[in-house]
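Under full-length UniProt numbering, the sequence shown has 485 at position 485, and the numbering climbs by one with no breaks.
Virtual Cβ for every residue (Gly too), placed ideally from N, Cα, C.
On a predicted model such as this, the values are computed, not experimentally measured, just so you know.
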Amino acid sequence: MVRVFGYSAEHHDVELASALEQFGKIVSVTRESVTGFPTVTTGIRRVKIEMKRAVPNFLDVIDATVQCEYEGVVRVCRKCGAQGHMGANCETPQCVRCGAYGHETCEAACPKCGEDHDVRACKKRTFASIVGEEEENAVSQAATTTEATEEKSEEPVTAVEEVASASLETSAEAAGPVDEVPATQETEQDNHVEDNKVEEKMDATCDRPKRKRSPRGKKKTSPVAPASTPRAAVIVQGRISGWFPVARGVRQGCPLSPLLYVIAIEPLLQRLAADTRVKRTVLPVGPPAVPVFGYADDITIVVPDVASAARALEITEQYCEASGARLNKHKSAVMPLRDVRPPEIAEVPSVSETRMLGFYFNREGPSARNWEHVAEKVETKTADLGRLRCPITAQATIIRTLLIAIISFSASILEIPASVKKRVEKSIYRFLWPGAPDKIRRVVVKQPRLKGGLGIPDLDALARALHVQWTLRAVECDMPLTRTLTLFFLSTRLSAFTQQPLPHTAPRAGTPLAFYSAAAADMNLIRATFTEPPREIALKTMLSLLTPALLPHLHRELMTAEKPTWKYLTAHFLDARRASFMWRFVRGILPIKRRTFVSRSSGLVDTCPFCGTAETSTHIFQDCVIPAALLERLRDLFGLPGIPFQTIRYFNPMPGEARNQFALALAEISYQVWVARCHAAYNGRIPDLMEVKNKIRKELWFHLQRERRHLGRKKFCEEWRPMIIFE
């Protein structure tokens, strides 16, 4: 087994196997993955090979040097190739002239360009600049040859032109009137022959090698220099700029790339919209009827008949010939909206269901496959992320950001079926409570963090808030078709989204669409909570207002009698472990045998490992030896008469000043006491008071330094005054 390091993840394994074939028979090539995450690769290849001769330690593959490691490999230096040392400790001299190892200097030419200078002084040239120079040299050489030929044979050329003109006139007279010329039909083979003759003349003029062709006339791909340097010009405010050479393209992922593509595809969209042979589909809202919708490189054409679809594809092919673009027919499809036989146009397959901008559609509308795809994706993600073993607040953050983002895309325009909601929530809460039933009711977990929940959105409330948000955007959209369609289907419910009356001449549906009726009802519910109509409502605010309220019998589970100060219990200056511990502590779900709201379990300890008395929450965090000494020190720092258990667990009541410091210190004391208790109960090692105190000091210092870097010196001093725990 050979492990290959430094081989790019973008390169194919076949190229690596080809490079290693000279050393033996390749059995398989696999990629290593991170332990516990089979879908996350490390970039290291494992090559199973029946070795006939030793594979070197370093090997050149494509444009990179890879490192091969296996049992018995002879290790050499990556720089000089010698044995006995590694590249980091290499002392072999390197030539300042040619860059080779083994000598200090020489008089050799530059190994890159062959000129007389050091390799470090060689200017790096891109592929585009090299090709551009070769093209300019070829064009200038061809122009010089043409000028010399014209000077030598000026008179014979004139004579030939006169003879040719006379021959053309004679032929025209002999042919008679144009109407009497017999009709001829130009075939595709004739066009192909003429194209071949034209290209052969261009090859001869530009001194290009003659290209070989297959018997059917198709070109065989071969590296051929273009006839001239590609040039371009842009139109700025109606004026055409000067011509400039096109030297390079845009890198993948560049922010400018989408804008440039929109500019490049715009001529095709304008041509499709202006062509009269591409008929429009009559919409219920009346004109204007737009036959084409474009979003980046995805184009959707809606036409009433097959002839219009064929004409649209013909225009697209013309655009491809002119621009060099290519229509991907494997990803294109024709979907009939009526109950007719699916036609096949220009080799584009016909389907009964297609995907547009991430959504699956059929003749009936959005397909049920959309939510099936979402459910499968959520299940896959939760299965992979479940191996992380994160604290519960970190798990809630992953759900709110990563998993909810997958659902939000489809929920923005589609209603969530009950079966899909049940399936998705099952995956989410299995990730939140791995290997155990729900320890806290879901309706409590869905509450905001400031109300004692984890802020996991309710899927129904999320979909309703997204429907309201996108309906608002469509009503205020500056695109005429989007706004007109929305106003048409809103009909009499328009007053919920705008105060502007709908003109009587504007068409409207007799009955509002069910989607927009529900969105209008939710919008009225949201507006009823404000005394004055707000200009803009954030999605987070709408989600909070649409989340169902808790029932009265669940108030005991929220423990409202103690009134926990959630602002400090899950504050931003507590990391995920401390915040998760405090949330579990308040909720009463720490693994203690004698705990509130939880049935007893035989697998939990019953007595305190420090003093042997009955173990309860009050004893662990207040009455035992270690927490009592630590709380006494905290009481002296803040000048308090005492710290009751209610303050330790619920952070209520709090001191009058330096509440951030008090909350941070108290949370750290409780957390380290719990860690020490777990070590004593399950590992058999009982930490002493000094060890726990030093750990608390160290962690407090880390927390304060992190806050100082995050806030800055000035803001940190303002928020953390007076400095009490800094001693």
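- Between the segment 91-104 and the segment 19-39, the count of Cβ pairs shorter than 8 Å is below three; the stretches do not touch.
- Here A232 has V246 as same chain residues with Cβ atoms under 6 Å from its own Cβ, once five neighbours each way along the sequence are excluded.
- Counting only the Cα atoms, R587 lies some 50 Å from M479.
- Of the residues I44, E707, T39, the one whose Cα lies closest to the Cα of A9 is I44.
- For S427, no beta strand (DSSP E) run applies; the uninterrupted alpha helix (DSSP H) run containing it begins and ends at 418-432, by DSSP.
- The DSSP-derived three-state label of I537 is coil.
- Contact annotation: A19 and V61 have beta-carbon atoms nearer than 8 Å.
- Two segments are said to touch when three or more pairs of C-beta atoms, one from each, lie closer than 8 Å; by this definition the segment 427-445 does not touch the segment 475-491.
- In the DSSP annotation of this structure, the continuous segment of the alpha helix (DSSP H) that includes P480 starts and ends at 480-490.
- When the beta-carbon positions are compared, F610 and I626 come within less than 8 Å of each other.
- With a 10 Å radius around the Cβ and a threshold of 16 neighbouring Cβ atoms, E532 comes out exposed.
- With fewer than 16 neighbouring CB atoms inside 10 Å of its own CB, V236 falls in the exposed class.
- The segment 462-469 makes no contact with the segment 263-270: fewer than 3 CB pairs, one atom from each, lie closer than 8 Å.
- Per DSSP, the beta bridge partners of C68 are V4.
- Contact annotation: the segment 431-441 does not touch the segment 405-413, with fewer than three C-beta pairs closer than 8 Å.
- Remark: C-beta atoms of D460 and I399 do not approach each other more closely than 8 Å.
- The shortest CA-to-CA distance from W243 to any of V234, Q705, R277, R46 is the one to V234.
- The shortest CA-to-CA distance from E69 to any of N89, R46, K79 is the one to R46.
- Here the C-alpha atom of A663 lies approximately 17 Å from the C-alpha atom of P641.
- A distance below 8 Å separates the beta carbons of A82 and V76.
- Sixteen is the threshold: since fewer than 16 other Cβ atoms of the shown chains lie within 10 Å of the Cβ of C106, the residue is exposed.
- Linking I392 to L574 through their CA atoms gives a straight-line distance of about 13 Å.
- For N362, the uninterrupted beta strand (DSSP E) segment begins and ends at 359-362.
- Beta-bridge annotation (DSSP): I240 is paired with I235.
- With fewer than 16 neighbouring CB atoms inside 10 Å of its own CB, N524 falls in the exposed class.
- Along the segment 565-597, the alpha helix (DSSP H) occurs as fully enclosed runs of 4 or more residues at 566-569, 576-587, listed in sequence order.
- The Cβ neighbour count for H619, taken over all protein chains shown within 10 Å, is at least 16; the residue is labelled buried.
- Closest in C-alpha terms to S495, from the list E314, C477, L481, L472, comes L472.
- In summary, L569 is buried, with 16 or more beta-carbon neighbours lying within 10 Å of its beta-carbon over all protein chains present.
- In this structure, DSSP gives G114 a state outside helix and strand, which the three-state scheme calls coil.
- By the neighbour-count criterion, in which a residue is buried when 16 or more other Cβ atoms sit within 10 angstroms of its Cβ, R239 is exposed.
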